[in-house]
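Chains as they are written, first to last, in our numbering: chain A, 2 to 388; chain B, -3 to 366.
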């Protein structure tokens, strides 16, 4: 195996418990996003567009759909002879089988995979964020500061700072303090969970971390604080583009809404930074004479006969005559009957909203969720009421 | 789901009256239906029927064909065994170029020689349909025919040029005439022929030995009394697309949802090269009605009764009516189109107005700036 300058390790085992019914049978990185994609497409394409074409994808929770989707990586051009994309599930070794205990342990268990490529640098990323980032610039910055590790950081609103790994830096971007999910954050500079490591430094840290029985084997909780404590060269790389952690229903819905409007926060049409996904092979979308569509993104195979406003429609969605869909996300194959209303909601794949039903409310703060394959009919009005 | 049948898509001397639309491409790769090329329909039909080895006999302007077909991956034809073969003309001098299809078949006879396939199906690219060739083969065997031709009855509204067929009560073809023939039967040939492979090889060699080199004109038409040539009737949607009027007519027919659903899904799905475009964006100025829109479009104007291919931009205040707009074309602000066909990457300047009529749409050549 030829030597690679940089290997990416993509953590895709996320259970995504806070996404509720949407991740019942699905790992979080496989949740559909943006009308045509799954969450993991964004990090995979960041790698491809940055020129990193050796990627280990670490899977664990509900991997069936994710594995099927990833295949051999051909949809992203990652089915190459040397390198390419490899799915790395937990496995039974000579010391018995172990689940990935934490993010650092997951990488530790795959040291053998990384060693085969003998890289100079290892990029650690996760498959549950929506952003377009050139990792090559991160690598440049890492090399320039001769760092052991470089952490990509972004400024977040103070109110949200306690959800993230928060750090203080000196004038040259070197990390002076780091706190994982602090109750009283001292700054609003948050870790994006994107780390560039020099491989020897990472390897040594992972071996020591594994030997430490008190450690929870997590990058944010254990490895990074330990490195800081020992005086390792930890630097930051400031990112100021669009970035969203889509871990909750609210943030998943909001990130979809961010794609809409005439000047969206995240531009999917940027030809210099294409986002690829598996092609669903559907005919062009059909917009009927009774339809009206505005401020929305719509994928192939949709048939629109009703009104769609400020919404995201995945492939094969049907919106019947007289229905109104507003501020909503309709996942692949969802069907909205006639005269129904879907407002401020996420409708799972192949779910059916029958004629005249109402899902979600314009005046509610909550985002209504309909699980995949669920059928909203008159006789099972839980939180749903007819129009 | 595996047919003992070789597929041949014969692009040699295809009838083509498409003007500027086929100036830089062969008829087989003419864009159709928002995201397809003509050849996708017959190729997908073959694949869905279980034909696992397909040769495309390319003839002229086949760069777009090579680009579109690639390794055959999108049709699941990138195989270790069988798969897709694009066979450009293997000619010795320029004069051979103009010779008939049998000559070109003969030059590529290695393709036929090997392999276990007992039957062949020979098609052209311009028949827009969704056919199950397993049914055609069953018909062929049941009838004990030498050659089976897929035909369409009640063809009164066919606008493209197609050969007319006279069928007797037993379903045997008595006569095949060119489109200008006076035959009054409303049956046309879909130019899809099923026969045993050894019969085809025999026809090729015998005809060439007699100095004849056209498959239909010489090999079949002159032997209608010796060979049992049977008609297998196809009752799905058919568009014969080889002139501008038929292209426009059949494109617009796709706007009737029943026709589109049938053509694109039954009996199997139509596959094509995926462009990896993002979903289409409808902006605040969008007003779209009775239209087919492929992915990657950005619409901030009015689109009615039209077909937009991938990546088309309709700027604010622009109006597109009864038109077909191919990939990545841009309609500038307050521009307007009525009964137009724009090839790929055409740019319409702001306030520009273009108007054709359905019988004679305005045509714009690829990359033109108007």
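Every residue, glycine too, gets a C-beta built ideally from N, C-alpha and C.
Going along the chain, which residues of its own chain have a beta-carbon closer than 8 Å to the beta-carbon of residue i, five neighbours each way excluded?
i, result
"residue 353 (chain B)", "335"
"residue 31 (chain B)", "268, 271, 290, 291, 305 and 306"
"residue 392 (chain A)", "Any answer about residue 392 (chain A) is impossible in this case: the structure gives chain A only from 2 up to 388."
"residue 251 (chain B)", "286, 287, 288, 301 and 303"
"residue 70 (chain B)", "267, 268, 269 and 270"
My understanding is that residue i touches residue j, with C-beta atoms under 8 Å, so please give their C-beta distance in whole angstroms.
i, j, result
"residue 306 (chain A)", "residue 320 (chain A)", "6 Å"
"residue 114 (chain B)", "residue 0 (chain B)", "5 Å"
"residue 56 (chain A)", "residue 11 (chain A)", "6 Å"
"residue 17 (chain A)", "residue 129 (chain A)", "7 Å"
"residue 334 (chain A)", "residue 317 (chain A)", "5 Å"
"residue 447 (chain B)", "residue 127 (chain B)", "Absent from the structure is residue 447 (chain B), since the part of chain B shown begins at -3 and ends at 366."
"residue 337 (chain B)", "residue 319 (chain B)", "7 Å"
"residue 121 (chain B)", "residue 215 (chain B)", "Actually they do not touch by this definition, with Cβ atoms about 20 Å apart."
"residue 54 (chain B)", "residue 83 (chain B)", "7 Å"
"residue 139 (chain B)", "residue 226 (chain B)", "5 Å"
Taking 8 Å as the threshold (C-beta atoms), are residue j and residue i in contact?
i, j, result
"residue 315 (chain B)", "residue 287 (chain B)", "no"
"residue 224 (chain A)", "residue 260 (chain A)", "no"
"residue 106 (chain A)", "residue 89 (chain A)", "no"
"residue 263 (chain A)", "residue 280 (chain B)", "yes"
"residue 309 (chain B)", "residue 329 (chain B)", "no"
"residue 266 (chain B)", "residue 16 (chain B)", "no"
"residue 4 (chain B)", "residue 116 (chain B)", "yes"
"residue 278 (chain B)", "residue 14 (chain B)", "no"
"residue 1 (chain A)", "residue 236 (chain A)", "Any question about residue 1 (chain A) goes unanswered here, given that chain A covers just 2 to 388."
"residue 143 (chain B)", "residue 189 (chain B)", "yes"
"residue 300 (chain B)", "residue 324 (chain B)", "no"
"residue 79 (chain A)", "residue 49 (chain A)", "yes"
"residue 136 (chain A)", "residue 53 (chain A)", "yes"
"residue 374 (chain A)", "residue 349 (chain A)", "yes"
"residue 26 (chain B)", "residue 34 (chain B)", "yes"
"residue 67 (chain A)", "residue 28 (chain A)", "yes"
"residue 99 (chain B)", "residue 209 (chain B)", "yes"
"residue 368 (chain A)", "residue 342 (chain A)", "no"
"residue 205 (chain B)", "residue 185 (chain B)", "no"
"residue 20 (chain A)", "residue 250 (chain A)", "yes"
"residue 121 (chain A)", "residue 6 (chain A)", "yes"
"residue 195 (chain A)", "residue 108 (chain A)", "no"
"residue 30 (chain A)", "residue 13 (chain A)", "yes"
Going along the chain, which residues of its own chain have a beta-carbon closer than 6 Å to the beta-carbon of residue i, five neighbours each way excluded?
i, result
"residue 233 (chain A)", "149"
"residue 152 (chain B)", "182"
"residue 302 (chain B)", "287, 316 and 319"
"residue 141 (chain B)", "224 and 226"
"residue 380 (chain A)", "Here residue 380 (chain A) scores only 49 on pLDDT, less than 50, and its place in the model should not be relied on; the value that follows carries that caveat. Cβ within range, chain order: n/a, list empty."
Please work out which residues of its chain come closer than 7 Å, Cβ to Cβ, to residue i, disregarding the five sequence neighbours upstream and downstream, and give them in chain order.
i, result
"residue 73 (chain B)", "43, 50, 79 and 80"
"residue 241 (chain B)", "155 and 355"
"residue 184 (chain A)", "163"
"residue 244 (chain A)", "130, 132, 155 and 193"
"residue 229 (chain A)", "176, 179 and 235"
"residue 58 (chain B)", "22 and 84"
"residue 169 (chain A)", "177, 178, 187 and 188"
"residue 203 (chain A)", "123"
"residue 382 (chain A)", "Bear in mind that the predicted position of residue 382 (chain A) carries a pLDDT of just 49, short of 50, making it unreliable; the figure below should be weighed with that in mind. Within the same chain, residue 382 (chain A) has no close Cβ partners at all."
"residue 51 (chain A)", "135, 136 and 137"
"residue 7 (chain B)", "22, 24, 52, 53, 54, 55 and 121"
Is residue i a contact residue of the ligand NAD, with contact defined as CB to any heavy atom under 7 Å?
i, result
"residue 195 (chain B)", "In terms of ligand content, the structure shown is empty, and the ligand NAD therefore cannot be addressed."
Q. Any residues in the stretch 291 to 302 of chain A with a beta carbon nearer than 8 Å to a beta carbon of chain B? Which ones, in chain order?
A. Listed by position along the chain: 292, 293, 294, 295, 296, 297, 298, 299, 300 and 301.
Q: Taking a Cβ distance cut-off of 7 Å, strictly less, list which residues of the stretch 300 to 333 of chain B are near chain A, in chain order.
A: Here the close residues number zero.
**Q.** Chain-ordered residues of the stretch 279 to 290 of chain A with a beta carbon less than 7 Å from chain B
**A.** In summary, the residues of the stretch 279 to 290 of chain A whose CB is separated from some CB of chain B by less than 7 Å are 280, 282, 284, 285, 286, 287, 288, 289 and 290, in the order they occur in the chain.
**Q.** Residue ranges of each beta strand (DSSP E) within the stretch 190 to 254 of chain A, 3 or longer
**A.** 190 to 199, 235 to 239 and 244 to 246
Q | Any beta strand (DSSP E) of 3 or more consecutive residues that is wholly inside the stretch 63 to 92 of chain A | A | 85 to 89
Q) When you check each C-beta in the stretch 255 to 271 of chain B against every C-beta of chain A, which residues fall closer than 7 Å? A) 256, 260, 265, 267 and 270
**Q.** Proximal residues, the stretch 235 to 247 of chain A versus chain B, C-beta separation under 8 Å
**A.** none
Q: Can you check the stretch 276 to 300 of chain A for any beta strand (DSSP E) of at least 3 residues that lies completely inside it and give the ranges in chain order?
A: 286 to 288, 293 to 295 and 297 to 299
(Q) Quick check on the DSSP output: what are the complete beta strand (DSSP E) runs of length 3 or more inside the stretch 70 to 146 of chain B, in order along the chain? (A) 79 to 83 and 115 to 119
**Q.** chain A contacts made by the stretch 101 to 128 of chain B, where a contact means CB separation under 7 Å
**A.** none
(Q) Extract the residue ranges of the beta strand (DSSP E) inside the stretch 215 to 249 of chain B, only unbroken runs of 3 or more that lie entirely within it. (A) 225 to 229
Q: Output, in sequence order along the chain, the residues in the stretch 33 to 44 of chain A whose CB is closer than 9 Å to any CB in chain B.
A: 35, 36, 37 and 38
(Q) Under 7 Å, CB to CB, which of the residues in the stretch 263 to 275 of chain A have a partner in chain B? (A) 263, 269, 270 and 275
Q: For the stretch 275 to 289 of chain B, enumerate the residues whose C-beta is nearer than 9 Å to any C-beta of chain A, in chain order.
A: For the stretch 275 to 289 of chain B, residues whose beta-carbon sits nearer than 9 Å to a beta-carbon of chain A comprise 275, 276, 277, 278, 279, 280, 281, 282, 283, 284, 285, 286, 287, 288 and 289.
Q.
Output needed in chain order: residues of the stretch 23 to 36 of chain B with a Cβ under 9 Å from some Cβ in chain A.
A. 29, 30, 31 and 32
Q: Quick one: which unbroken beta strand (DSSP E) runs of 3-plus residues sit fully inside the stretch 302 to 368 of chain A? Chain order, please.
A: 308 to 310, 325 to 331 and 342 to 348
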